[in-house]
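**Student:** Residue numbers (the working numbering): 679 to 895.
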Amino acid sequence: MTTPAIASRRPFLRTLCAALALPGLLAVSPAFAGGVEKLKSFLETTHTLRADFSQTVTTRSGRKPQVTTGQLLLSRPGKFRWEQQKPYPQLLVGDGEKIWLYDPELKQVTVKKFTQALSGTPAALLAGDNNVEKRFTLTEQGERDGLAWVEAVPKQTDGGFERIRLGFGGDTLRAMELTDSFGQTTSLTFPKLERNPSLPPATFRFTPPAGADVTGE
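What follows is the structure, given as structure tokens:
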């Protein structure tokens, strides 16, 4: 059973794994048209990715937002590494078969089957295959803050997210906004993003450290 203290330390798990993209068409400026096509092109041409992220989680109650920073690495399809660095370290690794969540300070590892944990989540959107419309309904969201936005609504509702919005600057992903079923909003920005870097296979492997408490499948 997950204690409240542990749950409060895992906003990124709810963001990425959830168990770790407005109805109607808005007016679209010609210079920023095609958010759906930008997303599809980004997925088709991005095989690996390395990005620094800053994440802000805002609750429905308006409690002071929690800010975390770290690095995201992807090898599509199916492999990712989400490494939170501040305010405390945590690690989420997907190796294509399982997803491993490791909390170094608690010395706890949680493991889940890959497909079970990712359905309808941001990880399924970014780390999945190119057939994004099989899992999400995509809608143009126009221009905001200098970015072209697209909204992705999961076709399956068991991932914990109601909608995911992605903002593109040119052909590069710059921001994501996630709304979960509890009314919580998570905003992600990527101040530094590198597409198709060389990433060693060991990046997406995880072996539980000696003495860690391992739960799950």
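We put the beta carbon where it would ideally sit given N, CA and C, even for glycine. Model, not experiment: these values are computed from the prediction.
1. Quick one: Cα of arginine 841 to Cα of glutamate 895, how far?
2. Pull up the distance between the alpha-carbon of alanine 699 and that of glutamate 722, whole angstroms please.
3. Could you give the DSSP three-state label for leucine 770: helix, strand or coil?
4. Quick one, are the C-beta atoms of threonine 850 and glutamine 733 less than 9 Å apart?
5. Relative to the C-alpha of serine 859, which residue among Phe846, Ser876, Phe868, Gln834 is closest?
6. Tell me, please, whether the region 863-878 touches the region 778-792 by the rule of three or more beta-carbon pairs shorter than 8 Å.
7. Taking one C-beta from the region 750-767 and one from the region 802-821 each time, how about it: are there three or more such pairs within less than 8 Å?
8. In the DSSP assignment, the beta strand (DSSP E) including phenylalanine 720 goes from what residue to what residue?
9. Based on the DSSP secondary-structure assignment, which residues constitute the bridge partners of glycine 845?
10. Within its chain, find whatever has a CB closer than 8 Å to the CB of leucine 871; leave out the 5 residues flanking it on each side and keep chain order.
11. In whole angstroms, what is the alpha-carbon distance linking phenylalanine 868 and lysine 791?
12. Tell me, to the nearest whole angstrom, how far the beta carbon of valine 810 is from that of glutamine 819; I am working on the premise that it is less than 8 Å.
**Tutor:** Taking the coordinates as given:
1. Distance from the CA atom of arginine 841 to the CA atom of glutamate 895, rounded to whole angstroms, is 28 Å.
2. Note that alanine 699 scores a pLDDT of 30, beneath 50, so its modelled location is shaky; the value from the coordinates is reported in the next line. Spanning the two alpha carbons is a distance of roughly 16 Å.
3. Annotated three-state conformation of leucine 770 is strand, per DSSP.
4. Contact check for threonine 850 against glutamine 733 fails: the beta carbons are separated by 9 Å or more.
5. Taking only the C-alpha atoms, the option nearest serine 859 is Gln834.
6. Because the criterion of three Cβ pairs below 8 Å is not met, the region 863-878 and the region 778-792 do not touch.
7. Touching, yes.
8. Phenylalanine 720 -> not in any beta strand (DSSP E); alpha helix (DSSP H) instead, spanning 713-723.
9. Answer by DSSP bridge pairing, in chain order: Trp827, Ala853.
10. Once the five neighbours on either side are set aside, the close Cβ partners of leucine 871 are Leu727, Arg728, Ala729, Asp730, Thr850, Leu851, Arg852.
11. Taking the straight line from one Cα to the other gives about 28 Å.
12. Going by Cβ atoms, the distance from valine 810 to glutamine 819 rounds to 15 Å, so no, they are not a contact pair.
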